[in-house]
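Here is the structure we will look at, set down as structure tokens.
Protein chains in written order, with the numbering used here: chain A, 4 to 182; chain B, 2 to 250; chain C, 26 to 378.
Below you can see the structure in the form of structure tokens.
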């Protein structure tokens, strides 16, 4: 198994966190992992992204240029990275912010109204976790429970009150991804 | 027989390379006397500059490091932060301190590094043959200001003591000369104060010596001493420029 | 201490230094290595160490010089333009034989360049950089674990040989996260620093200087340095290989390029192409002899770099015409992709060269 994922979106949408959670969870489940962020001025303007590898063998290149999956939270990210996705790969996109889609061959596409669901849950900031839930349910790269365990490690203790809301968001996403 | 005069313990007996009439020798001796009197020779580390003082490590009998041009305060910072109970002094000329090392001296001062800087201002680059220094006076002829320093193209001489005394990390700054026995006595008093300020961990200390360079000035030693009194001391007034440190240390 | 933790490469360097007993850090902010000074500013006070943000890399390098004079285990870190500014202090420390650890998280150049990862400081690191006849020990990690392990070891190497040691990373290694196992450093006997300038109590004074005005004296000093460099060359050559034993196409790459090359080798093997990797870990001393032996067992060599033909000069010196040597690179912060490298392997195999 070798899953190579790009998480991308506007700065502030929490894509770096998604990548770290999957990386952390992969490590906790005994897989080989790497996480590579974008950084610098591009983070402030356009799209932030991170590249994650979760593999049963040693990770050779940490740079993901032919992802097996893309999780895109905004339009510029989708436009930029969708052409990179491998045949037979998966694109999870935030359908609350992205209306029209081009057609890609041999790629599974999963529309997740992440912002709408997050708003229903009462906190827009949780949209990233909705998208993550859908992605996890569709790929089963790591278990949702492990991601929540990872969240406890990554999140400072003073924010642990937010974990139930994250669990909820993840579950809403999983319901969509499992379809 | 009672000995009434001798070489300070902190000086070696190596003959110095300094030119006749140059005041580096007097300044070296004063530093050595102060180190002896404060009994700190065994935990003193000196930093030599690039310039005429480059070989100072041969003349002092204490641990010494030779720094690159202008960086003595940075090197001193590294040593002092490693051995906080040592006594660390930099010996720097005007080109070293006020030109290429301007950033290092300002930041060491503003950090309140507990070091003592002996700043020898002779208004010229002595070692390289008498070029214009940042402290060369207006109208003063040097090998790179053959018509005299012109403010329009070369700007104005830097008053280091005044400049640094505006910084809060500074605990003691004084400007002295060694042109007469009275001035030498005052200079030694200032130097001792500067070392004491360091030993008592009060902050950064510096003594600016107005010094002679008869060879490059094209003067006799006596004329040079007179020039310090009549010209340099006017632009660079002698005295204490001490700032009371704002923060308790 | 065997639990895996997820760390950024830059943080692994910083924690590695702490584990190695480094208690003095001087540095100046520059992307993409800012996590190191930030980490140190938090961590040093916790372990009773010194963190100081210098006013410039010029000053920072000279603070390292000072702390090294006083016998400290001392480190500074920077990225390419900052390392250029430190060359003064580096040359002085090499000349005065002072131990210290320098880290270059390389970004694209020349000039201000960019902030993405590159390997274009290979010449600067391995062939001098500053003025004079000197060498740094240069180690090139290619994983976060290795960043930590080699940083820890770098302090011992610096002390053993009284020589600056440089860790040559790049922005990708510095920014990426991988699991790391924190290891205690192995205890070895290090030479006492009797030469340190900490006050002449009970002994003749120590002088630390790189100035030797008498050319005869300076030549003698330079010869002694060369003898030391010879010893380092005999004792500290390091490299690893991957599927090299039966490789017909031998890739040579270090750091991030080696990771990419390894991915390309896997793809090549899937297609029935016998490719393998030789990865120098010590860039100086460069593993000339071992590379030669292994390269002569292959048919052709492909050097992969994120610089425009720097390490390839050492590869040529190693192989001395014994095998055809090909080259593939991306520069300026661009990284070769495994597929690009695979294409290059396929091309040179097809052309039968």
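Where is the CB? At the ideal position from N, CA and C, for every residue including glycine.
Contact annotation: residue 9 of chain A and residue 100 of chain A have beta-carbon atoms that are not nearer than 8 Å. Chain-order list of chain B residues neighbouring residue 97 of chain C: 83, by C-beta distance under 7 Å. In this structure residue 31 of chain B touches residue 188 of chain B by the C-beta definition: roughly 6 Å separates them, less than 8 Å. Following the DSSP letters along the chain, one finds residue 64 of chain B inside the beta strand (DSSP E) bounded by residues 64-67.
If you draw a straight line from the Cα of residue 106 of chain B to the Cα of residue 93 of chain B, it comes to about 10 Å.
When the five nearest sequence neighbours on each side are left out, the beta carbons in the same chain lying within less than 6 Å of the beta carbon of residue 37 of chain A are those of 56, 62 and 65, in order along the chain. Assignment of residue 91 of chain B by DSSP, reduced to helix, strand and coil, places it in the strand class.
When beta bridges are read from the DSSP output, residue 151 of chain B appears opposite no residue. Close to residue 287 of chain C, with beta-carbon spacing below 8 Å, are these residues of chain A in chain order: 63 and 64. Restricting attention to A:181, A:126, A:85 and A:115, the CA atom closest to the CA of residue 106 of chain A is found in A:85.
By a beta-carbon distance limit of 8 Å, residue 207 of chain B does not contact residue 159 of chain B. Their separation comes to about 13 Å. Taken through DSSP and simplified to helix, strand or coil, residue 63 of chain C comes out as helix. With the rule of 3 Cβ pairs closer than 8 Å, the region 141-160 of chain C counts as touching the region 109-118 of chain C. Taking a cut-off of 8 Å on C-beta distances, the region 73-92 of chain C does not touch the region 54-62 of chain B, as fewer than three cross pairs fall below it. Relative to residue 143 of chain B, the option among B:54, B:217, B:202 and B:170 whose CA is nearest is B:217.
Judged by DSSP secondary structure, residue 144 of chain B falls outside any beta strand (DSSP E); it is assigned neither H nor E.
A Cβ of chain B is located within less than 8 Å of the beta carbon of residue 231 of chain C. Distance from residue 190 of chain C to residue 162 of chain C at the Cβ level is roughly 4 Å; contact confirmed, criterion being Cβ atoms closer than 8 Å. Here residue 48 of chain C is buried, its C-beta having at least 16 other C-beta atoms within 10 Å.
By the rule that beta-carbons nearer than 8 Å mark a contact, residue 92 of chain C touches chain B. Within the model, the alpha-carbon separation for residue 248 of chain C versus residue 222 of chain C is close to 24 Å.
For residue 40 of chain A, the chain C residues whose Cβ falls inside 9 Å of its Cβ are 33, 200, 201 and 202, in order along the chain. The DSSP assignment places complete alpha helix (DSSP H) segments of no fewer than 4 residues inside the region 60-115 of chain A at 78-84, in order along the chain. A Cβ-Cβ separation of about 12 Å leaves residue 172 of chain C out of contact with residue 129 of chain C under the 8 Å criterion. A residue is called buried when at least 16 other Cβ atoms come within 10 angstroms of its Cβ; residue 305 of chain C meets this threshold and is buried.
If you draw a straight line from the Cα of residue 254 of chain C to the Cα of residue 160 of chain C, it is about 7 Å long. Residue 176 of chain A is a Cβ neighbour of residue 137 of chain A, given a cutoff of 8 Å. Annotated three-state conformation of residue 182 of chain A is coil, per DSSP.
Secondary structure of residue 52 of chain A (DSSP, three-state): strand. Where residue 78 of chain C is concerned, the enclosing beta strand (DSSP E) starts and stops at 75-78. Per DSSP, the continuous beta strand (DSSP E) segment holding residue 7 of chain A begins and ends at 5-13. Its chain contains 335 as the residues whose beta carbon lies nearer than 6 Å to that of residue 148 of chain C, once the 5 sequence neighbours on both sides are disregarded; these appear in chain order.
Contact of residue 126 of chain C with chain B is not assigned, every C-beta pair being separated by 8 Å or more. Here residue 132 of chain B is bridged, per DSSP, to B:126. Under the three-state reduction of DSSP, residue 151 of chain C is assigned to helix.
Exposure of residue 162 of chain A is indicated by the presence of fewer than 16 other C-beta atoms within 10 angstroms of its C-beta.
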